[in-house]
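S.K.: I am attaching a structure below and will ask some questions about it afterwards.
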Amino acid sequence: MNRTVLDLWVGVFVAVGVAAVLFLALKVGNLASANIGETYRLQANFDNIGGLKPRAPVKSSGVVVGRVTEITFDPNLYVAVVKMDVDKRYSFPRDTFATILTSGLLGEQYIGFEVGGDTEMLKPDATITKTQSAVVLEKLISQFMFNKAAESPKAPEQ
Amino acid sequence: MTRLLRAMGARTVDGIWRLGFATRFFLAILARSGTSFARFQLTIREVFSTGVLSLIIILVSGFFVGLVLGLQGYETLQRYGSSEALGILVALSLVRELGPVVAGLLFASRAGSALTAEIGLMKTTEQLKAMDMMAVDPIARVVAPRFWGGVISMPLLAALFSTMGVFGAWFIGVVFIGVDDGAFWSQMQASVDFRYDIVNGVIKSVVFGFAVALIAVFEGYDSAPTAEGVSRAITRTVVNSALAILALDFVLTSFMFRGNG
Numbered sequence: 030m031n032r033t034v035l036d037l038w039v040g041v042f043v044a045v046g047v048a049a050v051l052f053l054a055l056k057v058g059n060l061a062s063a064n065i066g067e068t069y070r071l072q073a074n075f076d077n078i079g080g081l082k083p084r085a086p087v088k089s090s091g092v093v094v095g096r097v098t099e100i101t102f103d104p105n106l107y108v109a110v111v112k113m114d115v116d117k118r119y120s121f122p123r124d125t126f127a128t129i130l131t132s133g134l135l136g137e138q139y140i141g142f143e144v145g146g147d148t149e150m151l152k153p154d155a156t157i158t159k160t161q162s163a164v165v166l167e168k169l170i171s172q173f174m175f176n177k178a179a180e181s182p183k184a185p186e187q
Numbered sequence: 005m006t007r008l009l010r011a012m013g014a015r016t017v018d019g020i021w022r023l024g025f026a027t028r029f030f031l032a033i034l035a036r037s038g039t040s041f042a043r044f045q046l047t048i049r050e051v052f053s054t055g056v057l058s059l060i061i062i063l064v065s066g067f068f069v070g071l072v073l074g075l076q077g078y079e080t081l082q083r084y085g086s087s088e089a090l091g092i093l094v095a096l097s098l099v100r101e102l103g104p105v106v107a108g109l110l111f112a113s114r115a116g117s118a119l120t121a122e123i124g125l126m127k128t129t130e131q132l133k134a135m136d137m138m139a140v141d142p143i144a145r146v147v148a149p150r151f152w153g154g155v156i157s158m159p160l161l162a163a164l165f166s167t168m169g170v171f172g173a174w175f176i177g178v179v180f181i182g183v184d185d186g187a188f189w190s191q192m193q194a195s196v197d198f199r200y201d202i203v204n205g206v207i208k209s210v211v212f213g214f215a216v217a218l219i220a221v222f223e224g225y226d227s228a229p230t231a232e233g234v235s236r237a238i239t240r241t242v243v244n245s246a247l248a249i250l251a252l253d254f255v256l257t258s259f260m261f262r263g264n265g
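Chains as they are written, first to last, in the numbering used here: chain Y, 30 to 187; chain W, 5 to 265.
This is how it looks when you write it as structure tokens:
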């Protein structure tokens, strides 16, 4: 085959291949959108993290503002220590409430920030003191059942 | 009894000898790559014959794999009322596993067998020896360009396979079945991570490219210089490449994806 034609085909092949990788990176993956630039570290202690995993999103008002980076267990306090990287553009008041929430009924778990009214902001490496653990479905159901069991004898009297 | 043991021993020694020979052959290719890159046109020609000529089969198979994944995935997901997760299912299975593995298997049977046949036939017709006589190094002139051509082509083909698969699943899921277009893409983008999923998939395809290209050129170079020897070498290329891809895939997956993401 003619050398120029051959070069052309190989060039087209390489270009299309690179375009496919770009397509995977930009359209299939989240390279463009989830690129959080500079971050600062926050920490929060939870009694129970449920199914929270590293890389889970941190959201405030539903907008992703950071990612969970590390989850460890503190053997002195017996709590889970969750470290997260939060976008530098956003700062939160000191009395921000960190809650572990679930997206949908069976979806992934994430950390939600409910913003308080303090005028002082959380500094990098600060610890969020107000936290609420993940809802464990078994506990919820058993509490509901115990309540029902305690109520039921009264029911005929009413 | 002793004959059985002796046969077993002979096969083991033979296998280890071939493994060692393949390693030395690989090192020899690497050592002479500089010489062959000096005439890069040779490698470009091999990228054409292994990569460009494999395009059709890769694109068509990728599209059909995507169609099947879309249909089957929708079938299963809609039972749980989460048919919007189709995009995640398709993208993750293609990018992480099916893209590199199936493209690698197709590449081994389409391009790897051709490489083996070409080099084997050159050996049978004593072209390699003739080159040696003319002080042209056959590894630098024949083997290394074919090896690097395969290594360059394989990741590009795997990426194209995944892309066509995603497009095929989009075609059947969104266009025909009517999954929501926005949910399909946004859910996919939310859960496919660039570093974790896509880069690992590309690493896999690069490793498979090295494995298939090395096996193909080695079997060709090592084939017995007869018609039967060449046909046996081609069979060995396809079988060994398939085994190598599946085994390497398991090893790489167990290192890359530990289920903590």
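Cβ atoms here follow ideal geometry from the backbone N, Cα and C, with glycine treated the same way.
Can you give the beta carbon distance from W/Trp-152 to W/Gly-91, rounded, assuming they're within the 8 Å contact cut?
M.R.: About 36 Å; that fails the 8 Å criterion.
S.K.: Under 7 Å between beta-carbons, which chain Y residues line up against W/Gly-55? List them in chain order, please.
M.R.: In chain order: Phe-42.
S.K.: Please confirm whether W/Met-12 has its beta-carbon closer than 8 Å to some beta-carbon of chain Y.
M.R.: Judged by the 8 Å Cβ criterion, W/Met-12 is not in contact with chain Y.
S.K.: Take the Cβ of W/Asp-201 as the centre, count every other Cβ of all protein chains shown within 10 Å, and call the residue buried at 16 or more, exposed below.
M.R.: W/Asp-201 comes out buried.
S.K.: Could you say if the stretch 104-124 of chain W and the stretch 238-257 of chain W meet the contact criterion of at least three C-beta pairs nearer than 8 Å?
M.R.: Short answer: they touch.
S.K.: Please state whether the Cβ-Cβ distance between W/Val-221 and W/Leu-132 is less than 8 Å.
M.R.: The answer is no: Cβ separation not under 8 Å.
S.K.: How long is the line joining the alpha carbons of Y/Gln-187 and Y/Glu-180, rounded to whole angstroms?
M.R.: Confidence in Y/Gln-187 is poor, its pLDDT being 49 and thus under 50, which makes the residue's placement too unreliable to answer from.
S.K.: Between the stretch 164-180 of chain W and the stretch 68-78 of chain W, can you find at least three pairs of beta-carbon atoms closer than 8 Å?
M.R.: Touching, yes, given that three or more Cβ pairs across the two stretches are closer than 8 Å.
S.K.: Identify whether Y/Lys-88 lies in helix, strand or coil by the three-state DSSP scheme.
M.R.: Y/Lys-88: strand per DSSP, three-state reduction.
S.K.: Cα separation between W/Ala-215 and Y/Lys-56?
M.R.: Taking the straight line from one Cα to the other gives about 29 Å.
S.K.: Bridge partners of Y/Leu-71, per DSSP?
M.R.: DSSP output for Y/Leu-71 lists Y/Met-113 as bridge partner(s).
S.K.: Sorted by chain position, which residues of the same chain lie with C-beta nearer than 7 Å to W/Ala-95's C-beta, five sequence neighbours on each side aside?
M.R.: Cβ within range, chain order: Val-170, Met-192, Val-196.
S.K.: Pop quiz: W/Arg-36 and W/Ile-143 are said to be a contact at Cβ under 8 Å. What is the actual Cβ separation, rounded to whole angstroms?
M.R.: Right, their Cβ atoms sit about 5 Å apart.
S.K.: Count the other C-beta atoms from every protein chain shown that fall within 10 angstroms of the C-beta of Y/Lys-177, then say buried if there are 16 or more, exposed otherwise.
M.R.: So Y/Lys-177 counts as exposed.
S.K.: Would you check if the distance between the CB atom of W/Ser-58 and the CB atom of W/Thr-47 is smaller than 8 Å?
M.R.: No, Cβ-Cβ distance for W/Ser-58 and W/Thr-47 is not below 8 Å.
S.K.: Between which two residues does the beta strand (DSSP E) harbouring Y/Gly-141 extend?
M.R.: Counting along the chain, the beta strand (DSSP E) containing Y/Gly-141 begins and ends at 138-143.
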